[in-house]
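Data first, discussion second: the structure below is written as structure tokens.
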Amino acid sequence: MRGTRKLWFAGLLMVLPSLYFVLRYPLIGNIKLTDMGWMSGHSQQGLWEFLLAITCMFLVYSYAIITCTHVDNYSARYPVFICGVALVIIFAFMYPTTAIDVFVYAARSRVFTHYGADPMTTPANKFFFDHFVRFAQQYGDNISVYGPLWNLLAAPITVLSGESMGKAIVGFKLLAVLSTIASAILIYLVLREISPQGASLGVLLFLWNPLVLWEIPGNGHNDLVFLIFVLLAILAWQRGFGFVSPALLLAGAMVKYVPFILLPIFLVAIGSQSLRKSLDLRKILFGVVSCCVVLLISFWPFYNPWAIYESIREQDRIMLVSPASALINLLSGGKVDQDIASWVKLTGRGIFLIVLLILLWVVWKSPKFLPFAVFECLFMYLILAAWSVQNWYGVWLVAIAALINGWHRARAISMSIGMLYVYGLFIWVRYLWIQDGIELLYWGVLMIFLLPVAFTLVQYGLRIFLDKRPSAKGEAATSLVSISS
Numbered sequence: 149m150r151g152t153r154k155l156w157f158a159g160l161l162m163v164l165p166s167l168y169f170v171l172r173y174p175l176i177g178n179i180k181l182t183d184m185g186w187m188s189g190h191s192q193q194g195l196w197e198f199l200l201a202i203t204c205m206f207l208v209y210s211y212a213i214i215t216c217t218h219v220d221n222y223s224a225r226y227p228v229f230i231c232g233v234a235l236v237i238i239f240a241f242m243y244p245t246t247a248i249d250v251f252v253y254a255a256r257s258r259v260f261t262h263y264g265a266d267p268m269t270t271p272a273n274k275f276f277f278d279h280f281v282r283f284a285q286q287y288g289d290n291i292s293v294y295g296p297l298w299n300l301l302a303a304p305i306t307v308l309s310g311e312s313m314g315k316a317i318v319g320f321k322l323l324a325v326l327s328t329i330a331s332a333i334l335i336y337l338v339l340r341e342i343s344p345q346g347a348s349l350g351v352l353l354f355l356w357n358p359l360v361l362w363e364i365p366g367n368g369h370n371d372l373v374f375l376i377f378v379l380l381a382i383l384a385w386q387r388g389f390g391f392v393s394p395a396l397l398l399a400g401a402m403v404k405y406v407p408f409i410l411l412p413i414f415l416v417a418i419g420s421q422s423l424r425k426s427l428d429l430r431k432i433l434f435g436v437v438s439c440c441v442v443l444l445i446s447f448w449p450f451y452n453p454w455a456i457y458e459s460i461r462e463q464d465r466i467m468l469v470s471p472a473s474a475l476i477n478l479l480s481g482g483k484v485d486q487d488i489a490s491w492v493k494l495t496g497r498g499i500f501l502i503v504l505l506i507l508l509w510v511v512w513k514s515p516k517f518l519p520f521a522v523f524e525c526l527f528m529y530l531i532l533a534a535w536s537v538q539n540w541y542g543v544w545l546v547a548i549a550a551l552i553n554g555w556h557r558a559r560a561i562s563m564s565i566g567m568l569y570v571y572g573l574f575i576w577v578r579y580l581w582i583q584d585g586i587e588l589l590y591w592g593v594l595m596i597f598l599l600p601v602a603f604t605l606v607q608y609g610l611r612i613f614l615d616k617r618p619s620a621k622g623e624a625a626t627s628l629v630s631i632s633s
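Residue numbers (this note's numbering): 149 to 633.
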């Protein structure tokens, strides 16, 4: 009982810095393009307040995680869910201070709903006279980097919003809130089957994570919309309905393309399990038909599969804060050399492909390692093959790490810490002290990736040193992600 009271107390403490951010950067009355720097006047006081509030959140978050390990699951779930949902709702009232994506969602959706054009082939600036498009002029010459299903999911919001950008922002914020809560529920359902005592802890690790709160309900990003389908695919596979997992992953990829890289892992895991049992042709047929239905729905009404290729190429041209971009600038002497960039990209993709093949072999030998392989695939993708690593991508790792015990959680949390603190670097330090973009890039990459990579080296170094399988210390395998065949 004392542990439960401590969780309620921790939830109350988390509310305080959350309310500070909402009051300091309110959404209400601020339906215009700005950011946290301009709203704070780029003052040193604004920087210290931001750092202090974020530090308080992570300290309380860490305290809550430690406390939750000593509370039984049944008692912990009430403060974990109630406080977590309260935090999500509070952050929904914060202005999207560090990204304008939610405005871009509205503008591109209006291209579809108001003008009947495909955002995947038609730049928003073609309708430059539209007042929605003016909010997205920074990316107005680019086609959408999201899949066709996202256009359908976003359409009702802009239709119901009419001519009001404010209503559209509220609609996308509501979608972000619902996707966060739905993800937490799915995490609980997965963990309840494989580690009942750790289910509430997994939800807390995700739902209370400051990066999740900041980027999804706060900034309104759509990443959890696609991740819901990934979690559903894991849940379906766990409960013996793996034949529908590829269709669910395909649906996620039609929102945002990341699940495409996870599809081979699921197919190998499902194939390995099927060979250990009798093949059920009806299930295979149902899975294939489900994939076809997903594609038919997603591509409506334009039915232009080539647009996905163009959309992925559009995203591939973006190079921001990532290990690859830092290495390219370092080898090029600060000016991007296209030959060097091509070799770095080719090398990164080659190493990632090798890692993926290793993960496929692991899952083939032991399908119960599938969640572990999903995490490693996403993590290595961000390290090796993503040219633009946005801060909110860390949410992917936090959600999957919630299903896994041990070092994976430390890696995800450490990356989420770096991804939040780096805003101080790019917003205030850049304005006040360091204007050199290349130097900022190097510092930003170090802040985001140094700790997660260090934890990864320690994790696998210890494993090699101990000469034991992943399940030996109860990490990603048998303790929390072991699925009985």
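Ideal Cβ positions, reconstructed from N, Cα and C, are used throughout, including at glycine.
Here the alpha carbon of W156 sits roughly 14 Å from the alpha carbon of H218. Cβ atoms of S327 and V373 come within 8 Å of each other, at about 5 Å. Straight across, the Cα-Cα distance linking Y457 with S292 is about 12 Å. Per the coordinates, the alpha-carbon of Q463 lies some 50 Å from the alpha-carbon of R150. With contacts defined as CB atoms closer than 8 Å, S348 and N221 qualify as a contacting pair.
The alpha-carbon separation between G346 and N539 amounts to approximately 27 Å. Take the alpha-carbon of L397 and the one of V522: they are about 12 Å apart. Under the DSSP definition of a beta bridge, M242 partners with P174. About 15 Å separates the beta carbons of W544 and S470, which is beyond the 8 Å limit, so they are not a contact pair. For V351, the enclosing alpha helix (DSSP H) stretches over residues 347-355. By the neighbour-count criterion, in which 16 or more other beta carbons inside 10 Å mark a residue as buried, Y529 falls on the buried side.
At least 8 Å separates the beta-carbon of L301 from that of L334.
By the Cβ rule, the segment 250-258 counts as touching the segment 276-285, because three or more pairs are nearer than 8 Å. Taking the CA atoms as reference points, V437 sits about 45 Å from S210.
Of all alpha-carbon atoms in G288, F320, G314, the one lying nearest the alpha-carbon of A303 is that of F320. Membership of L297 in the alpha helix (DSSP H) is indicated by the continuous run 296-309. Listed in chain order, the non-local C-beta contacts of L508 below 7 Å within the same chain comprise P412, I413, V416, local neighbours out to five positions each way being set aside. Secondary structure note for H556: its alpha helix (DSSP H) is the uninterrupted segment 555-572. I456 carries a helical assignment under DSSP once its states are collapsed to helix, strand and coil. Going by C-alpha positions, A602 is about 15 Å away from L532. For I305, the number of other beta carbons within 10 angstroms of its own is at least 16, and it is reported as buried. By the criterion of a C-beta distance shorter than 7 Å, P600 is surrounded in its chain by R559, S562, M563, once the five residues flanking it on both sides are discounted. Our two residues, F260 and N299, have alpha carbons roughly 7 Å apart in a direct line.
Closest in alpha carbon position to F251, among M205, G314, S223, A212, is G314. In this model, R461 and G496 are separated by some 17 Å (Cα to Cα). For the 8 Å CB-CB criterion, H279 and A324 do not form a contact. For I179, the three-state secondary structure derived from DSSP is coil. For D371, the enclosing alpha helix (DSSP H) covers residues 371-386. Inside the segment 187-238, DSSP marks no whole beta strand (DSSP E) run of 3 or more residues. Residues of the same chain with a CB within less than 6 Å of the CB of L504, apart from the 5 flanking positions on each side, do not exist. Listed in chain order, the non-local C-beta contacts of I329 below 7 Å within the same chain comprise V233, V236, local neighbours out to five positions each way being set aside. Residue G366 holds the alpha-carbon nearest to the alpha-carbon of L322 among V606, S191, W196, G366. Counting the other CB atoms within 10 Å of its CB gives D249 a total of 16 or more, which places it among the buried residues.
Shown here, T269 sits in coil according to DSSP, grouped into three states, outside any helix or strand. Taking a 10 Å sphere around the C-beta of L207, we find fewer than 16 other C-beta atoms and assign the residue as exposed. At least 8 Å separates the beta-carbon of V318 from that of I238.
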